[in-house]
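Notes for the one structure printed next.
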Amino acid sequence: MTMLWLILAVIVIAGAILVIYQIVAKKKNKKETNKVINVSFGGKKTLKGGKQVCSFCRKKANKLSFYSDEQGKVVGVCQVCKPHAERRALMRI
Ligand SMILES: [Zn+2]
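In full-length UniProt numbering, the protein residues as written are 1 to 93.
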């Protein structure tokens with residue numbers, strides 16, 4: 001009988017550890033994603049002065065994603081043009 005309780009306890013503890021591990025892993029992932037976004041938006045002179053113009057459609061956008069094209073030129077694309085840039089297999093900065 002004691003053995004059964006021991007096994008049960010081990011299962012419960014293992015389950016709890018697994019759940020905690022998953023929560024911690026998720027939090028870590030979120031933090032890393034935020035860091036990547038911060039890096040891609042920081043240190044860009046062109047970001048000064050609010051809205052930026054999309055390199056593809058020339059429309060002003062609040063949020064641009066930066067890619068490097070075949071010539072190594074940096075292009076900022078809006079959310080609408082993002083799939084186009086990704087289809088052209090541009091390197092995400
Ligand atoms: Zn665009």
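Cβ atoms here follow ideal geometry from the backbone N, Cα and C, with glycine treated the same way.
Query raised in the report: Based on the DSSP secondary-structure assignment, which residues constitute the bridge partners of V74?
Result: S68
Requested in this report: May I have the straight-line CA-CA distance separating N29 from V19, to the nearest angstrom?
Outcome: 15 Å
Report task. Look at the alpha carbon of Y67 and the alpha carbon of I17, and state the distance between them as a whole number of angstroms. Result -> 40 Å
Query raised in the report: Taking just the CA atoms, how far does S65 sit from A14?
Result: 42 Å
Query raised in the report: Expressed to the nearest angstrom, what Euclidean distance is found between the alpha-carbon atoms of T2 and E86?
Result: 60 Å
Report task. Examine ligand 1 and report whether any of its heavy atoms sits within less than 8 Å of the Cβ of F56. Result -> yes
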